[in-house]
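Heads up: the sequence shown begins at 426 in this note's numbering, then just goes up one per residue. Quick reminder that beta carbons are idealized off the backbone N, C-alpha and C, glycines included. Here's the structure, in structure tokens; my notes come after.
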Amino acid sequence: MSHPLLYEVNTRCWLRALSEKSGTGITLATVPEAELAGWQKLGFTHVWLMGVWTTGPRARAEALKQPELRKAYDQVLPGWQEADVAGSPYAIGDYQVPPALGGEAGLGEFRRKLHEHGLKLVLDFVPNHVGLDHPWVRERPDLFVQSLREAPGTFPQRTRAGLRWPAHGKDPYFAPWADTVQLDYRRAATRAVMAQLLESIATRCDGVRCDMAMLVLNDVFAKTWEQFPPVDHPSHITSHQSPVTSHPSPPPEFWASAIPAVKEAHSGFLFLAEAYWGLEARLLALGFDYTYDKTLYDGLVSRDAAGVQRHLLGMTAEAVAGGAHFLENHDEPRIASILSPAEHRAAALLMLGLPGMRFLHDGQLSGAHLKIPVQLARRAAESTQADIEKLYEQLLTTLPTTAVGQGRGELRKPREAWPDNPTARNFVIVQWQRRAPEFDLVAVNLAPHRGQCYAPLSVEHLAAHNWKMRDLLGQECHKRSGDDLQNQGLYLDLPPHGAQLFHFGPIN
């Protein structure tokens, strides 16, 4: 599918809320039919169960003791109890579904029901690290980055091979994650077991969202861990030798072999990369289907209309189509807490109207304001924002009647409406066509003031017809000359944060 519509669900909080609503324990095996039917009605193609794997007691203890996390729990869930804290779903103790969520059988049943509704299942794969509770930490210590002795960012760990000092997982710009252990991708054994793990996950789902996928790129990894070179541990050294560091030649990129192996075994399997730092193109070239478009998100939440247009028009068509476009996810603040309803409407149409993956988050459709720490297994009830709920219902039920997300989408560069009118730089325009001669046009003015532009159209035989254009999200309906559209483009005059979806059909 070229332009999937992904819905991220916080599995633990979602099942807890369903259980409280129904008065009985709901697991993945017993999710009400109405939930799946609702996703199908809104046009979703994939459901991402975020946080479905097992988190162990050591990782949970870290989530309970960190002051900044406890403060966050107080803010979003007043009166929380320790039982509400499950630990980070990204400090995985075992890639198995815990019994409380339905176990492996429950996951299989949930996937079967998704398929019956025309939906596919996406699960987490965390390539960079495992949780403190993972059995490899004790049983296979040589899989991890480590020091020969105590060092910043390491911790003492008793293993089958004796005392070790493994490093906590990290990215190079933040402090280590104290509930994790860093895998060492300079070691062939580590790469092998992670490739096997990925293939195991792929038997249970239809796609994976790969957490911080760029961290295991060879150059990124080498730079991050240059102070921790691979070591031959003393337990592996004879009595007359000294501990030495090894300097093997760089191996091929992990993703370059791992992704094709999975795709060969599972046709149509989807790979989504969480990615930053301008490394998206590299990950797409290594086989990912989609990567996060964080630059677009940052531009929208910072209200940089011209920057958003520059970013999108500066990308190749392939890069735009390889982007996962979003307004929020579990790592970002709730978009309804940042943008006004008018801004939200414009940003939502833009995000849903772009080629690539369109990506929405549990709670986004009802206007939730509270960003829930991923360590929590329960969330406070929030009132539905009727205007936001109506917005997404209109957008998500209207788009399937158009070519948007289903045909060929192409960004068009606006031209100024007249000299010395700079407002064209605030527009994003996307032309979609599935069945000629009809086509659709997404037009968004991101500025807080009125704007005008000409939208050049690229439609075969455009001048051969006159056209009726109708706003599917509003009341506007106009007739336009094909010659004028061909020669001048479509003149647009949109209000502040104007967002329109025009359907064009030939009159003659």
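Self-check item: Pairwise C-alpha distance: Ala-730 and Ala-872
Solution: Rounded to the nearest whole angstrom, the CA to CA distance from Ala-872 to Ala-730 is 6 Å.
Quiz item: Ser-572 by DSSP, collapsed to three states: which one?
Solution: The three-state reading of DSSP puts Ser-572 in strand, counting E and B together.
Practice problem: Starting from Thr-939, trace the beta strand (DSSP E) both ways and give me its first and last residue. | Solution: Because the chain is modelled from 426 through 933, residue 939 falls outside the range shown and cannot be assessed.
Self-check item: Assigned secondary structure, Ile-517 (DSSP; H/G/I helix, E/B strand, else coil)
Solution: strand
Exercise. Report, in whole angstroms, the separation of the C-beta atoms of His-559 and Ile-517, which I expect to be a contact under 8 Å.
Key: 7 Å
Exercise. Take Gly-899 and list the residues in its own chain whose beta-carbon comes closer than 7 Å to its own, dropping the five residues that flank it on each side.
Key: Gln-925
Quiz item: Of the residues Val-687, Thr-628, Asn-912, Gln-500, which one's Cα is nearest the Cα of His-886?
Solution: Asn-912
Quiz prompt | beta strand (DSSP E) segments (min. 3 residues) lying fully within the region 432-491 | solution = 471-475
Exercise. Determine the burial state of Thr-826: buried for a count of at least 16 other Cβ atoms within 10 Å of its Cβ, exposed for fewer.
Key: exposed
Quiz prompt | Bridge-paired residues (DSSP) for Val-687 | solution = Bridge partners of Val-687: none, in fact.
Quiz item: Taking three-plus beta-carbon pairs below 8 Å as touching, is the region 731-740 in contact with the region 832-851?
Solution: yes
Self-check item: At least 3 beta-carbon pairs within less than 8 Å: the region 453-463 vs the region 488-498
Solution: At 8 Å Cβ cutoff, the stretches do not touch.
Practice problem: To the nearest angstrom, report how far apart Arg-441 and Arg-804 are at their CA atoms. | Solution: 9 Å
Quiz item: Going by C-alpha distance, which of Ala-761, Leu-474, Phe-653 is nearest Arg-611?
Solution: When each option's Cα is compared against that of Arg-611, the closest is Phe-653.
Quiz item: Which class does Ile-760 belong to by DSSP, given the choice of helix, strand or coil?
Solution: Reduced to three states, the DSSP call for Ile-760 is helix.
Quiz item: With 16 as the cutoff for other CB atoms within 10 Å, does Cys-902 come out buried or exposed?
Solution: exposed
Self-check item: Per-residue DSSP class, three states only, for Ile-662
Solution: Because Ile-662 carries a pLDDT of 36, less than 50, the predicted location of this residue cannot be relied on, and the following value inherits that uncertainty. Looking at Ile-662 - three-state DSSP - the assignment turns out to be coil, as it is neither helix nor strand.
Practice problem: Can you tell me which of the three DSSP states Phe-751 falls into? | Solution: In the structure shown, Phe-751 falls within a strand segment according to DSSP collapsed to helix, strand and coil.
Quiz item: Looking at the structure shown, is Ile-797 part of a helix, part of a strand, or coil, going by DSSP?
Solution: coil
Exercise. Decide yes or no for the touch test of the region 839-849 against the region 761-773: beta carbon pairs closer than 8 Å, at least 3 of them.
Key: no
Exercise. Could you tell me which of Pro-798, Ile-760, Pro-844 sits nearest to Leu-489, measuring between CA atoms?
Key: Pro-798
Practice problem: Quick one: grab the DSSP three-state call for Arg-707. | Solution: Collapsing the DSSP output to three states places Arg-707 in a helix.
Exercise. Look up Trp-843 in the DSSP assignment and say whether it is helix, strand or coil.
Key: coil
Quiz item: Does the beta-carbon distance from Ala-828 to Tyr-879 come in below 8 Å?
Solution: no
Quiz item: Roughly how many angstroms lie between the CA atoms of Ala-620 and Leu-775, to the nearest whole one?
Solution: 36 Å
Exercise. Run the proximity test for Gly-476: is its beta-carbon closer than 7 Å to any non-hydrogen atom belonging to the ligand HEM?
Key: Ligands are entirely absent from the displayed structure, and the ligand HEM is therefore not among its contents.
Quiz item: Per the contact definition of three or more C-beta pairs closer than 8 Å, is the region 475-490 in contact with the region 549-566?
Solution: The answer is yes - the region 475-490 touches the region 549-566, with three or more Cβ pairs under 8 Å.
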